[in-house]
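*Asks:* In UniProt numbering, the protein residues as written are 4 to 332.
No residue lacks a Cβ here, since even glycine has one placed at the ideal position from N, Cα and C.
Treat the numbers as computed from the prediction; the structure is a model and nothing was measured.
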Amino acid sequence: QEELLRVENIKKYFPIKGGVFGNKTVQYVKAVDGISFTVNQGETFGIVGESGCGKSTAGRTIMRMLEPTEGTVYFQGQDITKLANDDMRKLRKDIQIVFQDPFASLNPRMRVYKIIEEPLINFGVTDQAERHRRVLEVADQVGISQAQLKRLPHEFSGGQRQRIGIARALISKPKLIIADEPVSALDVSIQSQVLNLMKDLQKEFGLTYIFISHDLSVVKHFCDRIGVMYLGKMVEISAKDDLYDDPKHPYAKALLSALPKAHPLQEKERIMLTGDVPSPSNPPSGCTFHPRCPSCMDACKTVEPILQPIGQNHIVSCHLYTAEEAKSR
Ligand code: SF4
Ligand code: MG
């Protein structure tokens, strides 16, 4: 398996308004607080967590829609955090993003043809015939007819809009697509149509996906490997089956226990978490999950756990496992 993307200790801190003390000290919202993972060529890497855990910010920071506060992102071996704006703009052809509502930021009076064509103009494709050929090609690939290209955004259903959002991402022939809750706004029956389309496109073009979602039942059927985020950090990263069959981190266990059981004989108690997610501007000491963790130990309140391997292709940051490992030595 060839590595396409390597994210090393990426942080994204947003300064808090009015958080300036004296002449320098500033308070920050630590939206993303040091995440690391790799994504292999052709796979789908899921990032899951509750809303506000930093997963969307992580997706945007990795592709430098937001500038990272710290950390490095290697894409095909190249450190893209060091690229000047011009070179980064060229690289955007290779890394595209699909949003939950692709039309939220688009001109409602722009015809779908133009919406799909626009990225090519931005990337400096001056040959109009070539642009035309590409628009028809990707429209066909996502199941939008030529007649539909003349229409306006409001004339489309949610599922069709997402097809158009995907066409717009696809038109520059990207290698990596970051999909941020791409089906969360759609009815369940439409969700699977869009997910199937994304799977087909992945096969046909060898695409790699980062799939961001709060919905563990969607992620289960779509991703190969998964990272679970809590308060700006990855707490567990694993192959999909290992995570769903045997989650290790107490937060991952709680999230997964809320899923409908695979079969009625499966005995899994729903684990209810108490307390709210703490503010990322003032995260708890030690393990940031400790105020809500049913397994919290003394050390958890002061010592921050780090991600450690626990099996093949499975890493977790939790003192339960470091303690176990220490005992077995
Ligand atoms: Fe719970 Fe401690 Fe593990 Fe954090 S380190 S998840 S508080 S057991
Ligand atoms: Mg989000």
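Hey, out of Asp-143, Ile-167, Thr-75, whose CA is closest to Ile-100's CA?
*Replies:* The shortest Cα separation from Ile-100 among Asp-143, Ile-167, Thr-75 belongs to Ile-167.
*Asks:* Check whether the Cβ of Ser-298 sits closer than 7 Å to any heavy atom of the ligand SF4, and report yes or no.
*Replies:* Yes - the ligand SF4 has a heavy atom lying nearer than 7 Å to the Cβ of Ser-298.
*Asks:* Where Thr-129 and Lys-96 are concerned, what is the direct C-alpha to C-alpha distance, given to the nearest angstrom?
*Replies:* If I take the Cα positions, the gap works out to 15 Å.
*Asks:* Which class does Asn-125 belong to by DSSP, given the choice of helix, strand or coil?
*Replies:* Here Asn-125 sits in helix by DSSP.
*Asks:* Of the choices Glu-73, Pro-281, Phe-292, Val-306, whose alpha-carbon is the least far from that of Lys-256?
*Replies:* Out of Glu-73, Pro-281, Phe-292, Val-306, Phe-292 has the C-alpha closest to the C-alpha of Lys-256.
*Asks:* Kindly indicate which residue of Cys-290, Asp-301, Glu-46 has the alpha-carbon position closest to the one of Val-319.
*Replies:* Nearest of Cys-290, Asp-301, Glu-46 to Val-319, Cα basis: Cys-290.
*Asks:* Skipping 5 residues on each side, what residues in its chain have a beta carbon closer than 8 Å to that of Ile-19?
*Replies:* Val-29, Gln-30, Tyr-31, Val-32, Ser-284.
*Asks:* What residues in its chain sit with their C-beta under 6 Å from that of Val-238, if we drop five residues either side in the sequence?
*Replies:* Same-chain partners within the cutoff: Val-231, His-252, Tyr-254, Ser-320.
*Asks:* Would you kindly work out how many angstroms separate the C-alpha atoms of Leu-258 and Asp-143, rounded to a whole number?
*Replies:* So the alpha carbons of these two residues sit roughly 38 Å apart.
*Asks:* Give me, in chain order, the residues of the same chain whose beta-carbon lies closer than 7 Å to that of Glu-46; leave out the 5 immediate sequence neighbours on both sides.
*Replies:* Cβ within range, chain order: Thr-211, Asp-227, Arg-228.
*Asks:* Considering just the uninterrupted stretch of the beta strand (DSSP E) at His-317, what are its terminal residues?
*Replies:* Where His-317 is concerned, the enclosing beta strand (DSSP E) stretches over 317 to 319.
*Asks:* Tell me whether Glu-140 is buried or exposed, calling it buried when 16 or more other Cβ atoms sit within 10 Å of its Cβ.
*Replies:* It is exposed - the Cβ of Glu-140 has fewer than 16 other Cβ atoms within 10 Å.
*Asks:* Quick check: what's the CA-CA separation for Lys-178 versus Glu-272?
*Replies:* C-alpha separation (whole angstroms): 41 Å.
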